[in-house]
Every structure is written in structure tokens, then in C-alpha cells.
Amino acid sequence: MNILLPVSRGGMFGPALGLAIDTAKAHAGKIHVLFVVDAAEIERIESGARPGAIHLALRAADEVRKRMTAEGTAEIAEAVRRIGEAGIPVRGEIREGEVGREIIAAAAANDLLVSAVASHFAPDREDASGELVLSVMREGGIPVLLSGSARRSARTIVGGCGGGIRTERAVGAMARLSLWKEAPRGILLAVDDSPEGGQERIAAPRRILADAGYPAWEEKILPGPRAPTFLSFCDSVDADVVVLGGWGENRWGDLLGLSITGRLLDDGRRHLFIYM
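All the letters of the sequence shown, read from the start, carry residue numbers 48 to 323 under my numbering.
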């Protein structure tokens, strides 16, 4: 398994690094650590000069480029050190460009992108909802594993069975990577007022896991409003990882609103595996 780990600023990169290490250990994986020097910030400095001050603006932009490159070099060196100490093959890379585009380009050569639920890639842009990483997933076609705010072992996995192609794609992506095949507890959860409807939602994920050689997961069908019921159940079993396929979403913007995914992102306690 080839894992892409983009370096984000702030304290949330630590849990993401830990999750990438744990995942690579479990799957004999390799990690590609990527730091992107944000060209947009440099361009803003260069283009923001007053008349007659272009030279000063170019000099300031060059200083920012040097500072960001030095920061990236240090961040990569520390991450590579920790990954190497864990016995995992690793390489580090610095690129300059538009952050999202560079991550998408790098994602093409990898199987999984690991980042944080709350990420911060640009110096002047808070990305607390993980919107940039989820956009990369949508456009780059790569599954995303988002770490919670604290390092936690993947012991209880809840697969959201919303029904339809998105659920099948998410569970299928998890199965292709053999993620959490040996987890102590796996649960397929459908929220549906009809037991028959719940069984329909669970049928395809059950088949996908069985075909991939997973042990049988527990199955839960619960009535009630979907988001509150789903979140309450995750709390009741202290879920460590939630597997989602954009369940119940008709518009991309809803994914980061009051949907199940959006609420889990805001909560920030659990790891999320998402594939569109």
C-alpha cells in the first residue's frame, strides 16, 4: 500500500502522522510525505506591490519562499525520521504550486491519502472542516483516511450503509485495501424505519466484505432520523473509525454542512474513511 501524507501546519499533523504509521505497519505500506510551498501566497506578495516597489515585493516573496521551503524541509525531516524509526519505507518531497493541485497530482501514484480531520495547509487559510482534502478526494479519485484529534487504535469500525453506489464504492475501497480486516469489531449500520429497507441497505456491503474474505461483521438496523441516530450509535459503541461514502448527499456542499459526514468532521474525535 502506498500512502500519501501531505504535511499540514498546526497540531493536527501529529495524529495524522501517527495514523499513517499505524496503517503502513498493518499493511506493509510505504509513505510519501509531501510538503507544498504555497505558490498562491508568494504570488499575492509579488502582485501586491505599490507602484515603484516591485523590487521590494519580489524580494519579500523570495524571502517567504525560502522560509516556507525551510519549514517544509524541517517538517519532512522530522516525519521521515519518525517513520523510518518505525521501520517503514518512506520518501519526502517538497513541491511548489497550488496546494490542492499538487496534492491531486501526487495522489495519482498512491492508494490512500492520510490527513487530519482538521487540516491547515496554507498559512492564511484555516481548513478546519477538511474541505481541501475532501476536494482532493473528489477530483483525485483516491480514498481518504482522516485522523481524529487524538491517536486511537482502530478497534471498532462502523460502516455506514446508506444504500446505493456511494456506499458500495466506500466499502469496496476499504476492502480492496484490506483495511481493518483484523479489527476486533466491525459493524454495518443502516438507519431505516423499515427492517426490510435496512436489510436492503446492508446487503451489498455484506457481500463485498464476504467476497474480500472479511469475517462477518455485526449488523444493526435502527429507526429514527438518520444523522442523530447514526451519531448516537457511534457514541454508544465508542467507534474508532467510521466508513462513509457521502451517505445521503445530493449536493457536494451538503457534505460539509449538517450531514453525518459534516457532523463527524466537526466533532473531530474519530477517524473517517471516505470515498466518493
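Glycine included, each C-beta is placed from N, C-alpha and C at the ideal position. Since the structure is predicted, the reported quantities are computational estimates derived from the model, not experimental observations.
Quickly, what does DSSP pair residue i with across the bridge? List them, please.
| i | result |
| --- | --- |
| Phe269 | The residue asked about is misnamed: residue 269 is Leu in this sequence, not Phe. Paired residues: Val238. |
| Val164 | Looking at the DSSP assignment, Val164 forms no beta bridge with any residue, so it has no partner. |
| Val111 | Beta-bridge pairing links Val111 to no other residue. |
| Val80 | Leu52 and Gly139 |
Check residue i in the structure and name its three-state DSSP category.
| i | result |
| --- | --- |
| Arg298 | Note that Arg298 scores 46 on pLDDT, short of 50, meaning its location in the model is unreliable and no value can be drawn from it. |
| Ile135 | coil |
| Ala75 | coil |
| Gly309 | helix |
| Val146 | helix |
| Pro62 | helix |
| Ser283 | helix |
| Arg232 | strand |
| Gly195 | coil |
| Val54 | coil |
| Ile321 | strand |
| Asn49 | strand |
| Leu181 | helix |
| Asp314 | helix |
| Ile204 | strand |
| Leu224 | coil |
| Ile189 | coil |
| Asp324 | Absent from the structure is residue 324, since the part of the chain shown begins at 48 and ends at 323. |
| Asp258 | helix |
Please report the distance separating the alpha-carbon of residue i from that of residue j.
| i | j | result |
| --- | --- | --- |
| Ser279 | Pro270 | 12 Å |
| Asp287 | Ala107 | 45 Å |
| Val238 | Pro275 | 10 Å |
| Arg248 | Ser166 | 32 Å |
| Arg232 | Ser306 | 25 Å |
| Asn297 | Val83 | Its pLDDT being 44, under 50, Asn297 is placed unreliably by the model, and the measurement read from it follows with that caveat. Between Asn297 and Val83, the C-alpha separation is close to 32 Å. |
| Arg142 | Ala87 | 13 Å |
| Gly61 | Glu243 | 43 Å |
| Ile135 | Leu51 | 13 Å |
| Gly195 | Glu110 | 34 Å |
| Ile112 | Glu145 | The displayed chain sequence assigns Arg, not Ile, to residue 112. Looking at the two C-alpha atoms, the distance is approximately 13 Å. |
| Gln246 | Trp264 | 14 Å |
| Thr116 | Asp85 | 10 Å |
| Ile130 | Met59 | 17 Å |
| Ala257 | Ile234 | 13 Å |
| Phe320 | Ile204 | 10 Å |
| Phe277 | Ala217 | 17 Å |
| Gly295 | Ala197 | Confidence at Gly295 is low in this model, with a pLDDT of 40, below 50, so the placement of that residue should be treated as unreliable; the coordinate-derived value is given next. Cα to Cα, the separation comes out at about 28 Å. |
| Asn49 | Val161 | 11 Å |
| Tyr261 | Arg202 | 15 Å |
| Val164 | Leu291 | 14 Å |
| Val127 | Gly139 | 7 Å |
| Glu186 | Pro272 | 30 Å |
| Glu266 | Leu236 | 6 Å |
Assuming residue i contacts residue j (C-beta within less than 8 Å), just tell me the rounded distance between them.
| i | j | result |
| --- | --- | --- |
| Val180 | Leu193 | 7 Å |
Beta carbon of residue i: closer than 7 Å to some heavy atom of the ligand MN?
| i | result |
| --- | --- |
| Leu291 | With respect to the ligand MN, the structure offers nothing, as it holds no ligand at all. |
Contact between the stretch 105-124 and the stretch 67-82 is defined here as three or more beta-carbon pairs at a separation below 8 Å; is this criterion met? yes
inquiry  = For the pair the stretch 248-258 and the stretch 199-215, tell me if three or more CB-CB distances fall below 8 Å.
reply    = yes
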